[in-house]
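Going line by line, the protein sequences match chains A and B.
Mapping to the working numbering: the first sequence position 135 is 135, numbers consecutive.
If you want the working numbering, it's the position in the second sequence, counting the first as 1, plus 1000.
See structure below.
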Amino acid sequence: MTRTPEELPLSGQKPVDEDVRQELQDHIERRAAELVEGGWTVADARAEAERVFGDIRGVSDECRHITSKARRSRRRGEWLDGVTSDLRFALRLLRRSPTFAFVAIATLALGVGANSAIFSLIDGVLLRPLPYPRGDQLVNVAEQHRKGASHLPYANFVDIRAQSKSFQQLAEFYSSRSTVLGANAPIRATTAFVTGDFFPMLRTTVQLGRLTTAADHQFGAVPVAVISDRFWRDHFAANRDLQSLRLRGEFNMQVVGVAAPGFDFPDGADIWIPLELERQATSRTAHNAAALGRLRDGVTPAAAQQDVSTVLRHIGETAGLDFDAVGARVTSLHADQAGGTRTPLLLLLGASGLLLLTACTNLASTLLARGTARQQELAVRTAIGAGRGRVVRQIFTESLVIAVLGCGAGLVLAEGLLRGMALVAPPELVVMQTARLDLPVVGFTAATALATALLFGFLPGLRISAVDTGQLMRGSRGASSRRGAIWSALVAVQVALAVILLIGSGLLIRSFARVTQVDLGFDPVGVTTFATDLPELNYPDVQQAIRFHDRVLELVRAIPGVQAAGVTLVPPLADEGPSGGIEVEGKPALSPAYPSTGHGIYQLASVGFFQSLGIKIVRGRDFAESDTPTSPPVVIVNQQLAAREWPGEDPIGKRFRESGMDRVAVEPWATVIGVARDVPASSRTSPPGETYYYTYRQLPNRARFLTATVRSILPTAQLERAIRAAIDRVDPNVPAEFGTMPAVVASSVATRRFMVLLLGLFAGVALLLAAVGIYGVVAYSVAQRTREIGIRIALGAAPAAVGRMVQLGAMGVVLAGVAIGVAGALGATRLLRSLLYEVTPTDPLAFGGVIVLLVVTAWLASWAPARRGTRIDPVAAIRAE
Amino acid sequence: MPAAPMALVKGTLDILILRTLAWGPTHGYAISRWIREMTRDDLQVEEGALYPALRRLEERELVESAWKRTETGREAKVYHLTAAGRRQLQRDLDGWTRYVTAMTRVLQARPSGAIG
């Protein structure tokens, strides 16, 4: 029968009832005896004694009550004292076996730390709501085309806004980065052009002044602007007199309001101006601005998509050929914003989950080993009278100490990991800079680890209290071999998890290597870029803009150390260039309504552009100074365009022209003078589009926003100073934004590098944990088989052979783990597919490499304990038991 | 003719018990008899009231108890003062003396000057 502490008697004490009854009884008897001595009869004396005592029953009830209460509270105090001494004992034990303490605590810390960090990140990126009231109602509205989705043309947007029943508000916007004057110095800022419902839709307000009104959102209205809090503070020193704040960009604008602090939607906007100030294209195929809507209460994105599709169908019925949508696409803004980061983050979550599992398994086996080693000690303690409850509590306390220390270290690690990740995070995961440890997340992870520690710390203890202590003290074999089996299984699981993580990161590393080996088609090293723009306000005549670029390029080329310099519209890897219809001479038009014979990505270039980036002209010639605004128009095409339009023919001398979407302007025919090597446009893993290059001198209407590329041997800072000086000599009011091509190239693989780094780290840790596990199980099996090994050596077995035998035994467990891991990886790596590049999810090199790595690691990890086994002195070993 | 016995002032039983135990460990009955004899029946103490009081003192760790075999061979629950009990007795005695002195002074004073 088990008793709770309250029921157990203290030493030298009687049970409460007995204690009270006997004491009162004693009093009555002594009193009666005294009376008898005084001459009373025995019966009278008894009655008198009871009378003068008073209410016997009441007194004894009161006594019982007082004493039971006192005893209970004293026992509680003693129990607490016991816990304190358990704690002290546990800490002393940990200090005495620092290796065990370190392994257990470090294991827990790794699991808890990695998980807390990754969970916090995911919470910040994927789960946290948008920073707008009822952000869940905000949806992106786009048109669906045969090849994908694209922006809603303004004309269609106007009709949908009028006819759709799904939205509280629907707004369109686009942003551009351009020069703004009016602050102290000319600056490049991001301007967002927004329709009238933009601010009400986001339910944002101003901290000063006013938002735009319906009157502001009219073509021909007086231009007004709302500026961001950051822009206001950085460039206007938070001047509260808005009347005095004017901005000159594409318009001459009066500042009327300052947005709420932190508001910078879309694209980190600095300035918002009414989109209606610009004349909007009437074409129903001009996909210029993005549309965002706020759904009415109770309307789902799917229902809205249905609704918008219906409106679009009606438009299509009357629009004729100037219409290319096959339906609508309405998607949650929240989900879309997380979109690109979703896969990598979920993958990291999976990986850190596997790591936590590995850590818990490792901890379990470490604690089991510990329990086994202490079996005899605990059995002795039980035998000399320690209560089983007391022993179990002791083990519980020890597990708890390990768990708490491990979790504490884990939290420190998590914080460090978050900060470290923020340093190496790619720009897409910019939210990392703001990710913070999240309490519920930390709680969950810590609870998992704690549960593991307690459960596996407990198991051996519970078994001891269940097993016959005498048997244990003699050194039982049955229980320990069963425990050996559990342990082997745990190690196999660790190995399997490590294999999965290693194969996953192996595949990513192979992809990364492939991606970085992709032939860019240009040489980024030593190339500095600078972007300028020349708004109509300052450069009303585009010929002035051309003269600006001519003059600046001339001065830059003259800087000592500059080898080549040119300009382009969009440099490689920065973005996909704009796409438009082209008309190739002699080819049939795609549609009778348009002259287009196909599409192409248009670019601008100049003398020195291809040279500065090291892009080869594979046929024909480069642009020359003789290609001027007045000379016959010429064009250079890339290999893709040449192959599509003139397969098997010489493209040089062929003619084509831009056909234009709106039939607004028809360009003159241009003659192909050269074929340039393909260079990647948006990402290095997607093939470049069919691209053609005009010289900016001959297509001047696009010459206002250009990026220059400069190849030089000068240090970046020195070159930037020299370029700035050159620009100032031409026009000090033109700001320039500098960058380098190596940085662009590096950021194009930033997400990949980040994933490789983290997953590699996790896999490395998992491998380490598995190695520790293998070491432990081999050491354990050597300890268990001391006697057997002793006999073998006594009978003449070579120590080396015995060591090999022990190691081979361990390899069985490892190979079983590897087999499970490979099977698991075959399933798991399929999830990686979207992140792989020119590597299949079943890449034999990654799988084979990991198997070899694991087997070698296991062999090394089991070597030391196995060697120790062979140094056993046979006589001592046999005597020991 | 002796006056009718007075009821014990609340809290004073504790002082009497501690005072008794100050002479040495003893059992409940002996304490009861000693109080009875010393107060010469001027104080009316129901004998049973002693035991809850003893147990409360024990709860406050002013006294401790153990079952012991006495000189007559009977088993008796013997109480003794703890160090804390001894200190408490000293405080109580000081307090009591001050209280009695003050009360006596007031009760025996004659009005001098204008009191009303």
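Note that beta-carbon positions come from the ideal geometry of N, C-alpha and C, so glycine has one too.
Can you check whether the C-beta of residue i is within less than 8 Å of a C-beta belonging to chain B?
| i | result |
| --- | --- |
| L35/A | no |
| R21/A | no |
| D873/A | no |
| D81/A | no |
| R31/A | yes |
| D26/A | yes |
What separation, rounded to the nearest whole angstrom, lies between the Cα atoms of residue i and residue j?
| i | j | result |
| --- | --- | --- |
| H65/A | G38/A | 35 Å |
| D519/A | T685/A | 10 Å |
| A823/A | A861/A | 24 Å |
| L35/A | A49/A | 8 Å |
| K1068/B | V782/A | 58 Å |
| A1053/B | R1074/B | 23 Å |
| N538/A | R830/A | 55 Å |
| S606/A | R697/A | 8 Å |
| V467/A | A379/A | Unreliable positioning characterises V467/A in this predicted model, as indicated by a pLDDT of 49, which lies under 50. The coordinate reading is nonetheless provided below. Rounded to the nearest angstrom, the two C-alpha atoms are 9 Å apart. |
| Q563/A | V635/A | 24 Å |
| Q168/A | T361/A | 53 Å |
| R72/A | A828/A | 57 Å |
| D17/A | T452/A | 45 Å |
| G586/A | R655/A | 9 Å |
| T691/A | A238/A | 46 Å |
| F847/A | F522/A | 34 Å |
| A708/A | H549/A | 9 Å |
| I187/A | A726/A | 17 Å |
| T99/A | V83/A | 25 Å |
| A304/A | T282/A | 24 Å |
Within 10 angstroms of its Cβ, does residue i collect 16 or more other Cβ (buried), or is it exposed?
| i | result |
| --- | --- |
| W1023/B | exposed |
| V774/A | First, the amino acid is wrong: residue 774/A is Ile here, not Val. Buried. |
| K165/A | exposed |
| K1077/B | buried |
| L423/A | exposed |
| Q718/A | exposed |
| L714/A | buried |
| D662/A | With a pLDDT of 49 at D662/A, under the threshold of 50, the predicted position of this residue should be treated as unreliable, though the coordinate-derived value follows. It counts as exposed. |
| F231/A | buried |
| H1027/B | buried |
| L954/A | Not covered by the structure: residue 954/A. The range shown for chain A is 1 to 881. |
| F444/A | exposed |
| S178/A | buried |
| F219/A | exposed |
| M1038/B | exposed |
| Y1029/B | buried |
| A214/A | exposed |
| S626/A | exposed |
| F512/A | buried |
Within 8 Å (strictly less), CB to CB, does residue i reach chain A?
| i | result |
| --- | --- |
| Y1029/B | yes |
Who are residue i's beta bridge partners in DSSP?
| i | result |
| --- | --- |
| P274/A | V194/A |
| W1067/B | K1077/B |
| H599/A | G581/A |
| G257/A | G209/A and V226/A |
| S178/A | A189/A |
| N252/A | R248/A |
| Q169/A | R294/A |
Below 7 Å, is the gap between the Cβ of residue i and the nearest heavy atom of the ligand GTP?
| i | result |
| --- | --- |
| V525/A | Of ligands this structure carries none, so the ligand GTP is not represented either. |
Self-check item: Residues from the stretch 47-75 of chain A in contact with chain B, defined by Cβ distance under 7 Å
Solution: Per Cβ criterion, the list reads V52, F53, G54, D55, I56, V59, E62, C63, I66, T67 and A70.
Quiz item: Looking at chain A, which residues of the stretch 1037-1059 of chain B have a Cβ within less than 8 Å of any of its Cβ atoms?
Solution: Within the stretch 1037-1059 of chain B, the residues whose Cβ lies closer than 8 Å to some Cβ of chain A are E1046, E1047, G1048, A1049, Y1051, P1052, R1055, R1056, E1058 and E1059, listed in chain order.
Quiz item: Using a Cβ cut-off of 9 Å, which residues of the stretch 1067-1089 of chain B contact any Cβ in chain A, in chain order?
Solution: Answer in chain order: W1067, R1074, E1075, A1076 and K1077.
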